[in-house]
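Colleague:
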Amino acid sequence: MAEKQKDKEKEQIIKNLNIPDEIGIGEVIEDSELTELKIEILREDIERLKAELQIIKQMSGTNMLTGSATVSQDLVKPAKKVVKREAPLPEWVNLPWMYTKPENTKFLESWRSDWSDYTLKWARFLIIHLISVAEMMEKKPFDKLSEVTLRDILEYMNSKNSIKWWDKNKTLVRIYWCSLEEWSEIIYRWALETGRLDFTLFEIMDGEEAFSSLPSEEIKEIMKIMVEKEYAEWMGKKREMVKIKF
């Protein structure tokens, strides 16, 4: 039974990892073991792509890292524009007590956890990385919460490293529905799939991928992680461009 459950979890993770094409509401994996499984699946996919690129390189007799080889059209997937849409509402959307912070500490942890789980799913579905508290309060179902209540939920998420306050006044929220390490794997896979074997920080931000709207500071941090993993190497002294290694 445990093995079957693990297979089901793996199938769901694979489905959710198809981030550049379509974001599914899916379960947000918080357990460390499953997070490692997500990264492992990404790495397996990367190894497959690297093997395919090596074959293309050998057949063409050119060095793909210089840009002189033609990448197979099967590996090139044009970026899809993210469509604005409404995120599915939680099952408890019509339960009035979910919009008031419980006074009984017995129920407080569960209440906060439910809101935290939904907030991560909501942000993932809508591809939201950075948002103001004021803007959140205009979105369903957060519009039924008072600012004090919403901030209590966000403080709980901050304690769990699910969000980070982006400014000193705590007006902006950075929501981590995907870790920076996971993004490094995703961007590397994207580079191999599309043949983008070198790119700048600004080229990443100018795209239409799920990671294009990440804060610039974190995209640079992700590029640094890619270099540390030997997925890429820096080009230029300013370290705003990388060349992909495979």
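Counting in this note's numbering, the sequence shown runs from -4 upward without gaps.
Ideal Cβ placement from N, Cα and C applies to all residues, glycine included.
#1: Can at least three beta-carbon pairs, one atom from the stretch 136 to 150 and one from the stretch 220 to 236, be found at a separation below 8 Å?
#2: Could you tell me whether the Cβ atoms of residue 205 and residue 239 are closer together than 8 Å?
#3: The alpha helix (DSSP H) that contains residue 206, what's its start and end?
#4: What do you reckon, are the CB atoms on residue 84 and residue 159 nearer than 8 Å?
#5: Buried or exposed: which applies to residue 166, given that a residue is buried once 16 or more other Cβ atoms fall within 10 Å of its Cβ?
#6: Determine whether the beta carbon atoms of residue 183 and residue 236 lie at a separation below 8 Å.
#7: Output the distance between the C-alpha atoms of residue 157 and residue 215, rounded to the nearest integer angstrom.
#8: Just reading off the beta strand (DSSP E) that residue 90 is part of, what are its end residues?
#9: What residues match up with residue 193 in a beta bridge as DSSP calls it?
#10: Run through DSSP, which three-state label would residue 278 get?
#11: Let me know the secondary structure DSSP gives residue 172 once reduced to three states.
#12: Across which residues does DSSP place residue 228 in a beta bridge pair?
#13: Taking C-alpha atoms, which residue in 169, 110 and 121 lies nearest to residue 213?
#14: Taking all protein chains shown into account, decide if residue 197 is buried (16 or more other Cβ within 10 angstroms of its Cβ) or exposed.
#15: State the Cα-Cα distance for the pair residue 106 and residue 164, rounded to the nearest angstrom.
#16: Answer with buried or exposed for residue 245, where buried requires no fewer than 16 other C-beta atoms within 10 angstroms of its C-beta.
#17: Of the residues 190, 88, 219 and 124, which one's Cα is nearest the Cα of residue 109?
#18: My output table needs one value for residue 281: the three-state DSSP class, helix, strand or coil.
#19: Please classify residue 182: does DSSP put it in a helix, a strand, or coil?
#20: To which residues does DSSP link residue 127 through a beta bridge?
#21: Please report how far the alpha carbon of residue 121 lies from the alpha carbon of residue 217, in whole angstroms.
#22: Please state if the CB of residue 172 and the CB of residue 119 are separated by a distance shorter than 8 Å.
#23: Who are the Cβ neighbours of residue 124 in its own chain at under 7 Å, not counting the five residues just before and after it?
#24: Suppose you measure from the CA of residue 76 to the CA of residue 199; what does that come to, to the nearest Å?
Modeller: Well, looking at it:
#1: no
#2: no
#3: Run containing residue 206: none; DSSP gives neither H nor E here.
#4: no
#5: exposed
#6: no
#7: 20 Å
#8: Element bounds for residue 90: n/a, residue is neither H nor E.
#9: 238
#10: No answer is possible for residue 278: the residues shown for the chain start at -4 and end at 241.
#11: coil
#12: 238
#13: 169
#14: exposed
#15: 25 Å
#16: Here the chain has residues from -4 to 241 only, and residue 245 is not among them.
#17: 88
#18: Past the edges of the chain, shown from -4 to 241, lies residue 281, and the structure says nothing about it.
#19: helix
#20: 167
#21: 21 Å
#22: yes
#23: 169, 170, 208, 209 and 210
#24: Unreliable positioning characterises residue 76 in this predicted model, as indicated by a pLDDT of 47, which lies under 50. The coordinate reading is nonetheless provided below. Distance between the alpha carbons of residue 76 and residue 199 is about 14 Å.
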